[in-house]
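In our numbering, the protein residues as written are 2 to 264.
Glycine included, each C-beta is placed from N, C-alpha and C at the ideal position.
Fair warning: this is a prediction, and the values are worked out from it, not measured in the lab.
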């Protein structure tokens, strides 16, 4: 079953859509979906007040959002299965605490996409803003599983407090990628602004583009070719093609096992 939501008109007050998960709407009819209550600012509205609703056949639980905008927040939060397709941009906390399934965004995403993500796939065809795959404010556990792919650029502090999974950004990223990381792999095909891996304890960051400088608290280990990156001993590892300068750190922490691979 596929639920198609089409935003009727542009909105100025943000709407939270965490109640609209494909697995929760499975088996519901159009009128039942229209009657679901969702928060908008300080008030509550019904889905039918803001969206046109259609249902089509699908082999998996699926939701498509058309005419999407940055004002639509918490889409796919806590998702466990199925697929969400977003046509347009989307707001904060996309796929937060996601455990499974797949989200595809044909547009750009706001801050905290994949926040605390535990599994599944998050595919972003445009750009991502700050705190991709990070922890909540004041929290110490960011993304711990799953895959995030950004076809464009990403902002600052991606993978903050990351514990596992993989983030792949095909464009450029801002400052402090992988800050406080305790696991996982971040792969960046473009350039970074700086402060790479600050205070990381475990995990690996691979950069194919330009890095203006490496923090002095990292140790240079030499040149490696086609490295097999293992964050945990029992893992099969991920093979990265190319020749890289390898660093370990961040030695502001005790016995760090963080790895930097810079082309």
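Under the DSSP assignment, residue 64 falls in the beta strand (DSSP E) whose first and last residues are 63–69. According to the DSSP secondary-structure assignment, residue 262 is paired through a beta bridge with 207 and 247. In the three-state reduction of the DSSP assignment, residue 78 falls in the coil class. In this chain, the alpha helix (DSSP H) harbouring residue 24 covers 23–26. In this structure, the beta-carbon distance from residue 207 to residue 262 falls below 8 Å.
Close CB contacts of residue 92 within its chain, under the 7 Å cut and outside five residues either way in sequence, are with 15, 71, 72, 73, 74 and 111 (chain order).
For the pair residue 182 and residue 203, the CB atoms are nearer than the 8 Å cut-off. Bounds of any beta strand (DSSP E) do not take in residue 49; it lies within the alpha helix (DSSP H) bounded by 48–51.
Going by beta carbons, residue 148 and residue 163 fall outside the 8 Å limit. The stretch 79–98 makes no contact with the stretch 30–49; the number of CB pairs closer than 8 Å stays below 3. Per DSSP, residue 7 lies in no alpha helix (DSSP H); the unbroken beta strand (DSSP E) holding it starts and ends at 3–8.
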